[in-house]
Structure formats: structure tokens, C-alpha cells
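Chains A and B, in that order, are what the protein sequence lines are. Residue numbers for the first sequence, in my numbering: 9 to 260. Residue numbers for the second sequence, in my numbering: 9 to 260. Every residue, glycine too, gets a C-beta built ideally from N, C-alpha and C.
There are 2 protein chains.
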Amino acid sequence: MLAGLVAFQGDGGRRGELSARKALRATLELLFPTKIKMSRPKRTTKDKLMDAAEKLFAKRGFHGASLRDITAAAGVDLALVNYHFGSKFRLLTAVMERRGGILNEERLRRLAQARMDAAPQPPTTEAVVDAFLDPILERLAHAGPGWHSYFALIAYVNNSPEWGRKLMGKTFDGVVRQFIQAVMESLPGSAPRDIFWGYNFLTGALTLSLAETGRLDALSDGLCRSDDVAELKARLGPYVSAGLRGLARGPR
Amino acid sequence: MLAGLVAFQGDGGRRGELSARKALRATLELLFPTKIKMSRPKRTTKDKLMDAAEKLFAKRGFHGASLRDITAAAGVDLALVNYHFGSKFRLLTAVMERRGGILNEERLRRLAQARMDAAPQPPTTEAVVDAFLDPILERLAHAGPGWHSYFALIAYVNNSPEWGRKLMGKTFDGVVRQFIQAVMESLPGSAPRDIFWGYNFLTGALTLSLAETGRLDALSDGLCRSDDVAELKARLGPYVSAGLRGLARGPR
DNA sequence: TCATAATTTAAACGACCGTTGAACTTTATT
DNA sequence: AATAAAGTTCAACGGTCGTTTAAATTATGA
Chain A
9 MLAGLVAFQG DGGRRGELSA RKALRATLEL LFPTKIKMSR PKRTTKDKLM DAAEKLFAKR
69 GFHGASLRDI TAAAGVDLAL VNYHFGSKFR LLTAVMERRG GILNEERLRR LAQARMDAAP
129 QPPTTEAVVD AFLDPILERL AHAGPGWHSY FALIAYVNNS PEWGRKLMGK TFDGVVRQFI
189 QAVMESLPGS APRDIFWGYN FLTGALTLSL AETGRLDALS DGLCRSDDVA ELKARLGPYV
249 SAGLRGLARG PR
Chain B
9 MLAGLVAFQG DGGRRGELSA RKALRATLEL LFPTKIKMSR PKRTTKDKLM DAAEKLFAKR
69 GFHGASLRDI TAAAGVDLAL VNYHFGSKFR LLTAVMERRG GILNEERLRR LAQARMDAAP
129 QPPTTEAVVD AFLDPILERL AHAGPGWHSY FALIAYVNNS PEWGRKLMGK TFDGVVRQFI
189 QAVMESLPGS APRDIFWGYN FLTGALTLSL AETGRLDALS DGLCRSDDVA ELKARLGPYV
249 SAGLRGLARG PR
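Here it is in C-alpha cells:
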């Protein structure tokens, strides 16, 4: 067991340790989020690896994307995955969490806004659903390919018996519970069980759309294009809102 | 290139060839579907392999389940996969198609029944949706673990950018188009594009429920159990029917 | 500038991958 | 019973897998 030696030799990123310079920069960035630029925000090896992993994990799954594929796509050495992340699995979790925090933050911001707009009433189901979906749909339409791959990766992980529960829960459950609470408030008298199931159906519809399998295109003979985010955005919200209302009226 | 020699040596199952005896039995079974039993319907090696592959592909994905895992679980020799199916991928397609045909057949039967029950009106959206979902949900509740694994495998394939379009389309598109047509007839004046998208959301909600990731259980702190098919059955139909009606009323 | 830490490189590790060859056993046909 | 076909077994193939090692290189701080 040579872990001690290895750790001493150099695993800076692996355990979250920071050099003095890095600690200084981190502190300054905390104090002055946008002002300080000690140097050009260059694309680090960690970023390159996460970008490549994001894309390939989404396309071929965890087992289908090899570290040699990923490091080649990133243009870095094979060994650097284990140096910076410790293992292939930790690379996956790092990728999941990188953009997950941003998403959580904006979702909560929009939910708070919806609550303010509707006060003292609770926001409508549609408003809550939009606050949940729009941070994804707007990035899907306007953000770069990184976010695009990230959403496809979420689709893969969410539907995976192997990773779904652990990885999705760790990143998203806290925020999701707040949205479920908000949906329940928007539908007075609804049974919590119905809303939980409804949320499950919602994420199912969402993640299949994010997976971009191309099946909808083939099925509709080109009438629908699964990469047309405007078409998706116009329909997903109304669909799941109507579904939730239908459930709240009473199942069976 | 020794394929010719190999094929000569013995690949009976690989190219669908049949011995004289097998041909006789196949003919007799065509003529008298349930009457003829030339011998006990024993569980063949092909069946054992498909059963094991069904389970492991569903649990760990195509790349995550090795042929050594699968043959070990089936209790047969490693080489028999390539003898009977030709390749790992062809084993996957065989598994997909084995129960897919049964499902298609019963779905069409139920759709025809719904059409008869409602004639001369078109059947309601709910009736069409039930004809689509019930063949799955009833087997999920009452059939053996084989069907269970098969549905989880469908969930994996349907959400996979790697296999989704090709494998799902090949097995299901013909029947699915008839259901989409029936939904359109149940919602006069609806735009085909809306119904295609609605079907996409429907399968998303369905397949996430079939994947059994356990996330719903964790999210609801045990209030909902994702393996409770009665709870699912009571809610999925109403949810997607309400969603489709909501879409047909006009998106945006 | 110089020691030290952080990062990158290249090579290799043992394990496992899907697939194949060839011998062997069982089943079917004459 | 003899012959052929179908099915099974075991061992091995060349490759690729995630991970580790030790040395070389680059960046950092006194």
C-alpha cells in the first residue's frame, strides 16, 4: 500500500489541497468575485478533462467511454485523470457536480422570483414548472456545447440503475424537494404522493428530451426535430403542468 | 478470413438455419399453434443466454455487462454466445426483439378492442393511452422477473444516444405510429407535431419509471416506492392523458 | 537563484475484453 | 449401427481496460 508515498509525491487536486498562491487567489475571488484577475483564466487540464469526459460519457455511457478516449479528446496524457481526480468514477462525479451547482442556484433564484411575483398567493403550477425547466431549456438553446453534453449526461445518469439514485440525489435532491413543495402549494389539497410521482414523470419526459436519441425525428419522418429547443420549450412545460393538474384532480 | 469454414462447422442458430426436425416442428407449430408438443418445452441455451443478458444489460448497460458475466449467470460456456448469436451486439438485438413482438401484438389487439368499444366514435385519449401502457404495466405487476428486466432494458435503450434510435425504432416504430394516429383521432383538431412531442414525453415518463433507479424512493423518503406498480398504474395514465389534452388545447 | 512543490510524461502493470480454433460430446438421420 | 449435424467445451488469441510507477519538466516561493 503505497498511497501515502503517492499522496506525498503529488496529488494536489486529488484531495482539494491548495498551494499558497492558489489559496490567495481563492480568497480574493471570494471577496471580489468578478474584479480580480491574477492571470488569464486559462483552460486548465482539469477543465479539458471534464469537458471531454462530459461529451464522451454522455455519448457512450460510463463504461463505453475509456480513459484513453477521453484523454485523447482532451489532448492530455492518460495518467492525468488519476492524478487530478483519483479514479474514473471520481471524474464522472466531478463532471456531474461542476454545472449542477450553477443549475441549482439559478433554479432557486427563479423559484424565489416566482414566489415574489405571485405573493401573497402561492405561484401557479406553470410558474413553478417554468422555474424548474427554463434554466435548462434556455442553456440548451443558447449556451455552448459543454452545457449541451452535460444535459445529455444527466439524461444518461438519471435513467441509469447503476448511478441514478446516488449521483442524481447527491447533486439535486435538496433543490428538487423545494420544487416539489412549491408544486404542492400550487395545487391545494393535492396528495404528496401524487406530486412525487408527477415529478418523476416530469423528469422522465425532460431527460428523454435531453438525451437526443434522434428517435422523435425518425418516428415523425422529420416532422419534429429533437434538437429544436423552441419546439420543446413550447410543449414540455404545458405538458407536465397539465399532467400535474390532472394527477392532483385525483388519479385513477 | 475463415468465416466460411466456421460457418460450415456449426453455426445453426447464427443464420437462422434449421435442421429437418426443427423445420418439421416449426411447420407443425404454425399449423396447430397450441396442440403439438413433440417434446418438453425445455429451457434452451439460447433462452438461458437471453435471460441472463436481459438482466445484466438492463442493470449495467451494454458495455458494462461482459460476456463472461452473462455466460456465468446463464451457467453456460463463454463461447456459446458467438456460436448462437454471432456477436455481443446481436445478442442484444435478439433480447430486444424476443419480447418486443409479443408486446406489439397485444398492444394492437387492445387498440382494436378500444376502437370497437367506442365505435363509431374514435376512442378517447385515455383509452388509447391505456391500450399502450397496460400491456406493460400488467406484466410489470404479474409476470416474472424476465419481463421486469426486459422493461428496464427498454428504459436503458430508449434513453441511449448510442442505441435508442436504431434499436427502438426497429422493434416498435410501426406499432407506435398507429397509436400516435389513434391519439390524434381522439383529439380532433390537434396538430400532429404536438402529438409527436406528447408521445415523446409519454415514453420518457414511462421509461424512467421502468428503469427503477430507486430515486423516487429516496427523494420521497420512502413515501413512494418505485416498484409499487399499482401506484404507478393509477397515475401514469392520467398524467400522460392530461398532458396530451393540455398540448392539444394549444402549446405555449 | 535555488530548493521545493506541482504537474506532466512515458512506460508498464495485471486484469479483463470479445472473439476464435479445434477437439469433443450429444443429437438426429439414414 | 453408421454417418452427419448440432451443440458444447476448453484454451488461447490479440487488444484494451483502469491504474500505477518513476523520472522529467514546469511553476512557485524564499
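Under the three-state DSSP convention, the category residue i falls into
i: G212 of chain A; result: helix
i: K50 of chain B; result: coil
i: W171 of chain B; result: coil
i: S95 of chain A; result: coil
i: G152 of chain A; result: coil
i: R243 of chain A; result: helix
i: S157 of chain B; result: helix
i: Q129 of chain A; result: coil
i: R185 of chain B; result: helix
i: R257 of chain A; result: coil
i: K43 of chain B; result: Note on K43 of chain B: pLDDT 38, under 50, position unreliable in the model; the coordinate value appears next. It is coil, neither helix nor strand.
i: G197 of chain B; result: coil
Pairwise C-alpha distance: residue j and residue i
i: Y164 of chain A; j: H156 of chain A; result: 13 Å
i: A60 of chain A; j: L119 of chain B; result: 46 Å
i: R223 of chain A; j: G206 of chain A; result: 24 Å
i: M58 of chain A; j: L99 of chain A; result: 7 Å
i: E114 of chain B; j: E220 of chain A; result: 29 Å
i: E37 of chain A; j: K50 of chain A; result: Residue confidence is low: E37 of chain A scores 45 on pLDDT, short of 50, so the model does not pin down where it sits. Its coordinate-derived value is still stated next. Each residue's Cα considered, the two are about 15 Å apart.
i: T52 of chain B; j: K241 of chain A; result: 49 Å
i: R214 of chain B; j: F209 of chain A; result: In the sequence as displayed, the identity of residue 214 of chain B is Leu instead of Arg. So the two alpha carbons sit approximately 7 Å from each other.
i: D225 of chain A; j: D138 of chain A; result: 25 Å
i: A135 of chain A; j: G109 of chain B; result: 42 Å
i: L255 of chain A; j: L195 of chain B; result: 20 Å
i: K247 of chain B; j: H150 of chain A; result: The sequence shown places Tyr at residue 247 of chain B, rather than the Lys named in the question. Their backbone Cα atoms lie some 30 Å apart in a straight line.
i: R173 of chain A; j: R117 of chain B; result: 36 Å
i: I188 of chain B; j: G177 of chain B; result: 14 Å
i: P128 of chain A; j: Q186 of chain A; result: 18 Å
i: K67 of chain B; j: L175 of chain A; result: 16 Å
i: L244 of chain A; j: S249 of chain B; result: 14 Å
i: R107 of chain B; j: K56 of chain B; result: 14 Å
Partners in chain A for residue i, counting only beta-carbon separations shorter than 7 Å
i: P200 of chain B; result: L231
i: N208 of chain B; result: L216, S217 and L224
i: A163 of chain B; result: N167
i: R76 of chain B; result: Near R76 of chain B there are no residues of chain A at all, since even the closest Cβ is about 14 Å away, more than 7 Å.
Partners in chain B for residue i, counting only beta-carbon separations shorter than 7 Å
i: R253 of chain A; result: A250
i: E220 of chain A; result: P169
i: R173 of chain A; result: T221, G222, R223 and A226
Neighbouring residues, chain B, relative to residue i (Cβ below 9 Å)
i: W261 of chain A; result: Here chain A covers residues 9 to 260 and nothing more, so residue 261 of chain A does not appear.
i: K67 of chain A; result: P169 and E170
i: P265 of chain A; result: The structure shown does not extend to residue 265 of chain A, since chain A is modelled only from 9 to 260, so the question has no answer here.
i: F97 of chain A; result: Going along chain B, no residue has its Cβ under 9 Å from F97 of chain A, so there is no contact; the nearest lies around 12 Å.
i: T133 of chain A; result: None at all; the shortest Cβ gap to chain B is about 11 Å.
i: Y158 of chain A; result: What Y158 of chain A touches in chain B: nothing, since even the nearest Cβ is about 14 Å away.
Contact set between residue i and chain A, taken where Cβ atoms lie within less than 9 Å
i: D181 of chain B; result: R223, A226 and L227
Cross-chain neighbours of residue i in chain A, by beta carbon under 8 Å
i: E239 of chain B; result: R201 and W205
i: G109 of chain B; result: Near G109 of chain B there are no residues of chain A at all, since even the closest Cβ is about 19 Å away, more than 8 Å.
Presumed contact (8 Å Cβ cut-off) between residue i and residue j, rounded CB distance
i: F204 of chain B; j: L231 of chain A; result: 6 Å
i: V84 of chain A; j: T133 of chain A; result: Actually they do not touch by this definition, with Cβ atoms about 46 Å apart.
i: N167 of chain A; j: L216 of chain B; result: 6 Å
i: L148 of chain A; j: F159 of chain A; result: 6 Å
Contact list for residue i against chain B, beta-carbon separation under 8 Å
i: R243 of chain A; result: D202, W205, G206, F209, L255 and P259
Starting from the N-terminal side, write out each stretch of the alpha helix (DSSP H) that is 4 residues or longer and does not extend beyond the region 53-92 of chain B. Secondary structure within the region 53-92 of chain B: the alpha helix (DSSP H) runs of 4 or more consecutive residues, fully enclosed, are 53-72, 75-82 and 88-92 (chain order).
What are the start and end residues of each continuous alpha helix (DSSP H) run of 4 or more residues lying completely inside the region 213-237 of chain A, in chain order? Scanning the region 213-237 of chain A for uninterrupted alpha helix (DSSP H) segments of 4 residues or longer gives 223-227, listed from N- to C-terminal end.
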